[in-house]
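Chains as they are written, first to last, in our numbering: chain A, 97 to 366; chain B, 316 to 518.
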């Protein structure tokens, strides 16, 4: 529709200005630009999609994860192989000398040397993972070996739905500012300090309203995801707040399937 | 003084020359002979006087040249190439070259060596799967971002351009990786001195 009007405008212009061959190209481009700008503004005002920005806040792992069975086997094998290829240490030389001395004394009962493998055992105070602490879904200290994603329960179309905290875009702000506002406006997230990774969104979710709710101006919503990393936990959130820290596997339980597909790609499974 | 000497010698020679002419007989010339003129001019000729002057010109030049050559040689001697800083990690300590420290390699049974080979192959497969999973995850994330930017472009140009702008406050970005044990809350580190004993070499 807009294209046709543009063509008509140009054709009438070319019919009238036959004499000014030199001026025509210049003025026609100026006219084109003006119409393009008008078209852009017109389109934005009539866009049927409402824009929203959501924040995908991740708490990255604090402890290194335990080794899987094959990793443990491989680690033991490598220890053995390196031990076989190594030179004798001072302690081992001392033990050999002591053994020789004892055999020269011809003592009947001498104790066998201690095992050589004590050095391979890792002496460390590994954090005893407390099972109860892992079950507390609202605490950001659960499951220190995995990365967690923040979920909030918000009202969408009158129903409470679990999703990434989102807010509606307003005029005069960039989408990243909308995402920051979405995080700040959460009631229980007062002390959370997050670092947003860049100005560009990392994913999008398009949601078309059901036929009954569609009007001329709104067909659906587009939710843009922005990635953020938790830099400071802050004070522990009060109980009962509609907040969740979920592992990547647990997201499936809370999010809707179509939404889950889009979020799955953003939350890297590494 | 040389003039006076020459005059004195001339007189002596004329006195002597007179009787010699008488001896010669017939000629009786009072003028001195040819050898006399040569002797007269012996002490007063230019070449005799100019020789010490030539020496003066050449000597300072020669001395100067000699001094310069000596200086250049000294400078070349002083230009020694700087010593290389030793790489302490690459110098094998003499303790390790001791022969008494060699460990006797144990004989592995066939079963054990086979088990090791099979475990190595399994590990190779496991690592490959891990790597492929990583690469795929990164590709999916990039695809998701590309889609998001396309949708944003369809929506509005300004927001798209604002999204493409780089964030100046993000870098330098640092984050401590996962440790073996979690950090203690309310941990007070004790005060202490830190004495740096790294060896510093100067060239």
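All C-beta atoms in this analysis are idealised placements derived from N, C-alpha and C, irrespective of residue type, glycine included. In this text the structure is predicted, and so the values were computed from the model without any measurement.
Contacts that residue i makes with chain A (C-beta to C-beta distance below 7 Å)
i	result
residue 407 of chain B	Correct list: empty, because the minimum Cβ distance to chain A is about 11 Å.
residue 482 of chain B	294 and 295
residue 396 of chain B	None at all; the shortest Cβ gap to chain A is about 36 Å.
residue 441 of chain B	166
residue 444 of chain B	None at all; the shortest Cβ gap to chain A is about 11 Å.
residue 393 of chain B	Near residue 393 of chain B there are no residues of chain A at all, since even the closest Cβ is about 45 Å away, more than 7 Å.
Chain B residues whose Cβ lies nearer than 9 Å to that of residue i
i	result
residue 298 of chain A	456, 459, 460 and 463
residue 348 of chain A	In chain order: nothing, as chain B lies at least about 17 Å away.
residue 364 of chain A	449, 452, 453, 455 and 456
residue 197 of chain A	Result: empty, since nearest Cβ-Cβ is about 16 Å, beyond 9 Å.
Environment of residue i [buried if 16+ CB atoms lie within 10 Å]
i	result
residue 109 of chain A	Confidence in residue 109 of chain A is poor, its pLDDT being 46 and thus under 50, which makes the residue's placement unreliable; the coordinate value appears in the next sentence. Label assigned to residue 109 of chain A: exposed.
residue 299 of chain A	buried
residue 361 of chain A	buried
residue 261 of chain A	buried
residue 451 of chain B	exposed
residue 319 of chain A	buried
residue 301 of chain A	buried
residue 122 of chain A	Low confidence applies here, because residue 122 of chain A scores a pLDDT of 48, under 50, leaving its location unreliable; read the following figure in that light. Residue 122 of chain A comes out exposed.
residue 152 of chain A	buried
residue 518 of chain B	exposed
residue 359 of chain A	buried
residue 460 of chain B	buried
residue 238 of chain A	buried
residue 366 of chain A	exposed
residue 297 of chain A	buried
residue 377 of chain A	As shown, chain A starts at 97 and ends at 366. That puts residue 377 of chain A outside it, with no answer to give.
residue 177 of chain A	exposed
residue 148 of chain A	buried
residue 192 of chain A	exposed
residue 243 of chain A	buried
residue 420 of chain B	exposed
residue 229 of chain A	exposed
residue 272 of chain A	buried
residue 415 of chain B	exposed
residue 313 of chain A	exposed
residue 323 of chain A	buried
residue 236 of chain A	buried
residue 317 of chain A	buried
Cβ of residue i within 9 Å of any chain C Cβ
i	result
residue 325 of chain A	Absence of chain C from the displayed structure is noted, the protein chains being A and B.
Residue span of the alpha helix (DSSP H) that contains residue i, given as start and end
i	result
residue 152 of chain A	Looking at the DSSP string, residue 152 of chain A is not in any alpha helix (DSSP H); the run it does join, the beta strand (DSSP E), is 145-155.
residue 468 of chain B	425-470
residue 255 of chain A	Element bounds for residue 255 of chain A: not the alpha helix (DSSP H) but the beta strand (DSSP E), 255-259.
residue 353 of chain A	353-362
residue 195 of chain A	186-201
residue 522 of chain B	Beyond the ends of chain B as shown, which are 316 and 518, falls residue 522 of chain B; an answer cannot be given.
residue 168 of chain A	165-181
residue 347 of chain A	347-350
Segment limits, beta strand (DSSP E) that includes residue i
i	result
residue 248 of chain A	244-252
residue 339 of chain A	339-343
Contact list for residue i against chain A, beta-carbon separation under 9 Å
i	result
residue 422 of chain B	Near residue 422 of chain B there are no residues of chain A at all, since even the closest Cβ is about 11 Å away, more than 9 Å.
residue 466 of chain B	145, 297, 300, 302, 318 and 320
residue 506 of chain B	Here the premise fails: no neighbours, minimum Cβ distance about 23 Å.
residue 403 of chain B	Neighbours of residue 403 of chain B on chain A: none; closest Cβ ~19 Å, over 9 Å.
residue 479 of chain B	295 and 296
Contact set between residue i and chain B, taken where Cβ atoms lie within less than 7 Å
i	result
residue 158 of chain A	493 and 497
residue 170 of chain A	434 and 438
residue 173 of chain A	431 and 434
residue 182 of chain A	418
residue 344 of chain A	Chain B residues near residue 344 of chain A: none, gap ~11 Å exceeds 7 Å.
Partners in chain B for residue i, counting only beta-carbon separations shorter than 8 Å
i	result
residue 200 of chain A	Simply none; closest approach about 17 Å.
residue 288 of chain A	None at all; the shortest Cβ gap to chain B is about 16 Å.
residue 189 of chain A	415 and 416
Exercise. Along the chain, which unbroken stretches of the alpha helix (DSSP H) at least 4 residues long are found entirely within the stretch 263-328 of chain A?
Worked result: 271-280
Exercise. Using a beta-carbon distance cut-off of less than 9 Å, what residues from the stretch 492-504 of chain B approach chain A?
Worked result: 492, 493, 494, 495, 496, 497 and 498
Exercise. Using a Cβ cut-off of 9 Å, which residues of the stretch 263-281 of chain A contact any Cβ in chain B, in chain order?
Worked result: 265, 270, 271 and 272
Exercise. Of all the residues that make up the stretch 240-258 of chain A, which are near chain B by a beta-carbon distance shorter than 8 Å?
Worked result: 240 and 241
Exercise. Going along the stretch 350-362 of chain A in order, which residues come within less than 9 Å of chain B, judged by CB to CB distance?
Worked result: 358, 360, 361 and 362
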